[in-house]
Amino acid sequence: MTIFQCSECNVSVIHINTNAIPCCPECGAKMYEEWAKEEKK
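FYI, the numbering for the sequence shown is 37 to 77, going by the numbering used here.
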């Protein structure tokens, strides 16, 4: 279970299947794993 965040509108979604990158339910943009942006400093 992974938290993904939208690259466009910052909606966070808990996604079960981490093999596929989900699209945002709000605007349809590609989402990214929330920890990914935290790690890159």
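Using N, Cα and C, we set each Cβ at its ideal position, and we do this for glycine too.
Note that this is a predicted model, so its numbers are computed, not measured.
About 6 Å separates the beta carbon of Lys-66 from that of Ser-43, a gap short enough to meet the 8 Å contact definition. The DSSP-derived three-state label of Glu-70 is helix. A residue is called buried once 16 or more other Cβ atoms fall within 10 Å of its Cβ, and Cys-60 is buried on that count.
Here Ile-39 has Ser-48, Ile-50 and Glu-70 as same chain residues with Cβ atoms under 6 Å from its own Cβ, once five neighbours each way along the sequence are excluded. Annotation: the continuous beta strand (DSSP E) that includes Cys-42 extends over 38-42.
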